[in-house]
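Colleague:
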Amino acid sequence: MKVPFAFTTRPEIKGTFGVVATTHWIASSAAMGVLERGGNAFDAAVTAGFVLHLCEPHLNGAGGDLPALLWNAKTGKIEVLCGQGPAPEKATIAHFKSLGLDLIPGSGLLAPCVPGAVDGWLLMLRDYGTIDIAEALAPAIYYAETGTPLVPRVIDTIGTVQKLFQDEWKTSGALWLDRTGALPKAYALFKQPGLAATYRKLGSAGSGSREQKIEAARKAWREGFVAQAIDKFSTGTEAMDASGRRHRGVLSGNDMAKWQAHVESPLTYDYHGWTVAKCGPWSQGPAFLQQLAILKHFDLSSMDPAGPDFVHTLVEASKLAFADREAWYGDPDHVDVPMAALLSDAYNAQRAKLIGPTASLELRPGDPVGSGAKLTSIKAGEAGGVGVGEPTVGRLAGSDGKVTMRGAASGDTCHVDVIDRWGNMVSATPSGGWLQSSPLIPDLGFCLGTRAQMFWLEEGLPNSLKPGKRPRTTLSPSMALRDGKPALAFGTPGGDQQDQWSPQMFLKVVHHGMNLQEAIDSPAWHSEHFPSSFYPRAAKPGHLGLEGRFPKDTIEALKARGHKVETGGDWSEGRLTACGTTETPEGTLLTAGANPRGMQGYAVGR
């Protein structure tokens, strides 16, 4: 069923020189400026990544994480850049249990992993880029020193932790609140001199060739002034966290020195002439591929993308894939994840048969290798539930993520897509290190992330906490080839919703002929049926959140099928961005689209 849409909220960008789509207009413009000056897609993505630390500080920061997918036109292959740091050496289940905890708090200093975003961006710049580190950092330094207009959602987020900043996290309050303790004004120019100083030090850390300067900055980050400041603050500070108590951190300078960002191979799945690439099972990315493996058994092209059959089929497939996420996914360097079996035709033919006419209210992992699916015995949302709120559902009605008075939040995330005129492509999903994550480190001008909250404090699970192990993150950039040629770089913020909203967009392109902007603008949904990846790990069996733009008949039909429907605002679901490339008889055409929801994301190009 081809579904033409006569109206989109903005045009699908089309051109031949280069395209950029990010979750903030300033980052998109900064990246496009790099392309205009002769830089490539990797240079542009790195520049945008550092700018996002200033423009979306409630959604990512220098102390956060970075997974990215890279298409290198010279080598003709997709690679995964892993900027997801592991758990510290002293982060053991025994240590957390000794503190009386059943879950890792979602805020404070107990939950940081090794911050991987900056080292990841610099590795991308060194091995794939062409510009100097000073040029890549210049826009971020400019905005840190002269100020960036803070969007209202930043102010809303600060407001939720205002008292925490005043009473407990006073280093954060010194930056984000004025001398009277008042909030910044929306769109007022906000400066971050501490972060500017840190980036200036990194940019001038070494001399010599372009690569030598970048390596000097990476060393200063891992072993020099940054690592030293993190060690001193983390181990020497008792900070209030979501448990309602104060704890010292366990992240050390030695943890920083032992880890580096690296490149690895992606997981891929072939679907209707497309090949979708995702990060490995240290992310939730394979859940996207598992959904495709199940959905290929259904005639999605005949279904109305705003109708109950389409929504029901995709939701039920996502429930099955995410149940397997809970039972099987973890860092493959530490646990055996049977991805080949999970993506096999025989297994997914059986999984597809589980999708019936009514909504499932059960968490149903499969057992593709006969070893028994392993689920936590900790009841989600109950253990350690002192002073915390529900995790984000990615809705945009009030803020980008629900934040409690003690900083517990899933926050949200950023996204960057770039394609240059040489055919290089980047899809990156930086996140973590949100301003509400943990107290600001005054010597550095940024705070640490809380990604370790995604580990379970229970032995024997694929995602059990272990020193040196990567948490099974929700961060999940996407890339796709069509008939073996690069075609799409796309993704979205949204925690557990990332691999629900991204498949929806992709399938509407594949099965309904929508262009990128049409697919992004079309009505969307999400489920919270499975345990959240974020503290306190709550689940809502049967939940289905729908945008209000869905036809009333669709909403009623889904309720009749047993879905626990929650209808949100008309534009309340997702923050997708996407860039594409198509071979035409006249030449290569580049396209891009960005989400109007939240009035923040933007696509540019020519």
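Under my numbering, the letters of the sequence shown match residues 11 to 616, in that order.
Just so you know, even glycine gets a beta-carbon here, dropped at the ideal spot from N, CA and C.
Since the model is a prediction, treat every value here as computed from it, not as a measurement.
Report yes if the CB atom of W81 is closer than 8 Å to the CB atom of M489, and no otherwise.
Modeller: W81 places its beta carbon less than 8 Å from that of M489.
Colleague: Between L111, T592, L305, S537, which lies nearest to A252 when the distance is taken from Cα to Cα?
Modeller: L111
Colleague: Would you call T33 buried or exposed, if buried means 16 or more other Cβ atoms sit within 10 Å of its Cβ?
Modeller: buried
Colleague: For the candidate residues H257, D355, Q94, whose alpha-carbon lies nearest to that of L119?
Modeller: Cα-wise, what sits closest to L119 is H257.
Colleague: Have a look at G579 and L174 and give me their C-alpha separation to the nearest angstrom.
Modeller: 30 Å
Colleague: Hey, would you say D280 sits closer than 8 Å to S262, going by beta carbons?
Modeller: no
Colleague: For A227 versus G213, is the C-beta spacing smaller than 8 Å?
Modeller: yes
Colleague: Between H539 and K550, how many whole angstroms is the CB-CB distance? I'm expecting something under 8 Å.
Modeller: 7 Å
Colleague: Skipping 5 residues on each side, what residues in its chain have a beta carbon closer than 6 Å to that of A127?
Modeller: G74, D75, L76, G93, P440
Colleague: Do you know offhand how far V56's Cα is from T594's?
Modeller: Taking the straight line joining both Cα atoms gives about 30 Å.
Colleague: Given G470, which residues of its chain have a CB within under 8 Å of its CB, disregarding the five upstream and five downstream residues?
Modeller: K384
Colleague: Going by CA-CA distance only, name the one from T156, P513, T587 that's closest to Q527.
Modeller: Nearest option by C-alpha distance: T587.
Colleague: Does the distance from the C-beta atom of I224 to that of I165 stay below 8 Å?
Modeller: no
Colleague: By Cβ distance below 7 Å, which residues in the same chain neighbour L467 in space, the five residues on each side in sequence not counted?
Modeller: I103, F106, K107, L111, D112, L113, I114, L475
Colleague: Can you tell me whether DSSP reads D493 as helix, strand or coil?
Modeller: coil
Colleague: Going by beta carbon distance, what residues of the same chain come within less than 8 Å of L199, once the five residues before and after it are set aside?
Modeller: T156, G157, T158, P159, listed in sequence order.
Colleague: What is the rounded straight-line gap between the Cα of S387 and the Cα of F320?
Modeller: 33 Å
Colleague: Work out the CA separation of A462 and V396 for me, nearest whole Å.
Modeller: In this predicted model, V396 has a pLDDT of only 29, less than 50, meaning its place in the structure is not dependable; the value taken from the coordinates is given anyway. Answer to the nearest angstrom: the Cα atoms are 18 Å apart.
Colleague: Below 8 Å, can you find three or more Cβ-Cβ pairs linking the stretch 333-343 to the stretch 369-378?
Modeller: Counting Cβ pairs under 8 Å, three or more are found: they touch.
Colleague: Rounded to a whole number of angstroms, what is the C-alpha to C-alpha distance between T19 and A54?
Modeller: 26 Å
Colleague: Please state the DSSP three-state secondary structure of V396.
Modeller: Note that V396 has pLDDT 29, beneath the 50 cutoff, so the model's placement of it is unreliable and the number below is only indicative. V396: coil per DSSP, three-state reduction.
Colleague: Hey, would you say L133 sits closer than 8 Å to F60, going by beta carbons?
Modeller: No.
Colleague: Which residue from K495, L62, S117 puts its Cα closest to that of G254?
Modeller: S117
Colleague: Using alpha carbons as the reference points, say which of A567, V124, R585, G442 lies closest to Q507.
Modeller: R585
Colleague: Who are the Cβ neighbours of S512 in its own chain at under 8 Å, not counting the five residues just before and after it?
Modeller: Result list for S512: F298, S486, S488, F500, G501, T502, L586, in chain order.
Colleague: Going by DSSP, name the residue or residues bridged to C589.
Modeller: Bridge partners of C589: A499, A602.
Colleague: Quick test of your reading: G49 and I141, contact by CB under 8 Å. State the CB separation rounded to the nearest angstrom.
Modeller: About 5 Å; that satisfies the 8 Å criterion.
Colleague: Please list the terminal residues of the continuous alpha helix (DSSP H) segment that includes T577.
Modeller: Not the alpha helix (DSSP H): T577 falls in the beta strand (DSSP E), residues 574-577.
Colleague: Extract the residue ranges of the beta strand (DSSP E) inside the stretch 87-124, only unbroken runs of 3 or more that lie entirely within it.
Modeller: 87-93
Colleague: Among the residues of its own chain, which have a CB less than 6 Å from the CB of S38, if the five just before and after it don't count?
Modeller: V30, T32, Y612, V614
Colleague: Could you give the C-beta distance for K211 and F243, rounded to a whole number, given that I count them as a contact under 8 Å?
Modeller: Wrong, their Cβ atoms sit about 17 Å apart, outside the cutoff.
Colleague: My output table needs one value for I168: the three-state DSSP class, helix, strand or coil.
Modeller: helix
Colleague: Should R136 be labelled buried (16 or more other beta-carbon atoms within 10 Å of its own) or exposed?
Modeller: buried
Colleague: According to DSSP, is Y612 helix, strand or coil?
Modeller: strand
Colleague: For T245, which residues in the same chain have their Cβ closer than 7 Å to its Cβ, ignoring the five residues on either side in sequence?
Modeller: R258, G259, S262
Colleague: Just mark Y197 as buried or exposed, buried being the case when its beta carbon has 16 or more other beta carbons within 10 Å.
Modeller: Result: exposed.
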